[in-house]
Amino acid sequence: MHHLSSFGKTPPIMTVQQHILQEQRRFPGASGEFSWLLSAITMATKMIQAKVRRAGLSDILGQHGEINVQGEMQQKLDVYANEALVHCFSTRECIGVLASEENEEPLLVHQGSENAKYAVVFDPLDGSSNIDVNVSVGTTFSILRRPAGARLDEPEKWVLQPGRKQIAAGYVVYGSSTILVYSAGNGVH
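In our numbering, the protein residues as written are 1 to 189.
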């Protein structure tokens, strides 16, 4: 019988959540809010991945019937992915503003909460028009800190910041396997 200690200090497999918490420990003053935000991304991507994997079987392929802000016909999977991300992000009080390719305007989250520190800008499912030909699709995201002095009723100030103001960015590729890649300024994970 093997005991966990027989593997050494680290088990042979590290989950995404374990990685997030390990990275958080590198910053002794961290509140855990950024880790909580990253866990929202992982939860949403698990939901999206499950739909993408079974798209042909669950009647989620094809057009939804609406046109997004880019002038593209929304796909059913676009709408689902957007709803999954918005739902998961809206459970995190540290997020004040969401901006998605699928929404005309930025969304205010937790209106009135001065605890909101972050904005998340994302494309919920890039490449979804090609999913019926088995091409990989993905989610892209950028995390921005609330600008000094920005009010909750000024979402544009939260999301229209220079790229150098990003505190993290990444992407998820859905295909035969799902891959999450992100950087929070200290390498790529």
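A virtual CB, placed ideally from N, CA and C, is assigned to each residue, including glycine. What you are looking at is a predicted structure, and each value in this text was computed from that prediction instead of being measured.
| Item | Value |
| --- | --- |
| Cutoff 7 Å; reference residue 49; Cβ partners in own chain excluding five residues on either side | 174 and 178 |
| Secondary structure of residue 150, DSSP reduced to three states | coil |
| N- and C-terminal bounds of the alpha helix (DSSP H) containing residue 13 | Where residue 13 is concerned, there is no enclosing alpha helix (DSSP H), given that its DSSP letter is neither H nor E. |
| Residue 53 - containing alpha helix (DSSP H), residue span | 33-53 |
| Residues bridged to residue 179 [DSSP beta-bridge criterion] | 173 |
| Reduced DSSP secondary structure (H/G/I, E/B, other) of residue 124 | strand |
| Distance between residue 66 and residue 12 (C-alpha atoms, nearest Å) | 46 Å |
| Short Cβ contact (7 Å threshold) for residue 85 with residue 44 | yes |
| Neighbourhood of residue 128 by C-beta, 6 Å cutoff - its chain only, sequence neighbours within 5 removed | 75, 77, 78 and 137 |
| Residues bridged to residue 29 (per DSSP) | DSSP lists no partner for residue 29. |
| Neighbourhood of residue 40 by C-beta, 7 Å cutoff - its chain only, sequence neighbours within 5 removed | 88, 89, 91 and 92 |
| Reduced DSSP category for residue 116 - H, G, I as helix; E, B as strand; rest coil | coil |
| Assigned secondary structure, residue 188 (DSSP; H/G/I helix, E/B strand, else coil) | strand |
| Nearest neighbour of residue 104, chosen from 171, 172, 155 and 150 [CA to CA] | 155 |
| Pairwise C-alpha distance: residue 158 and residue 149 | 10 Å |
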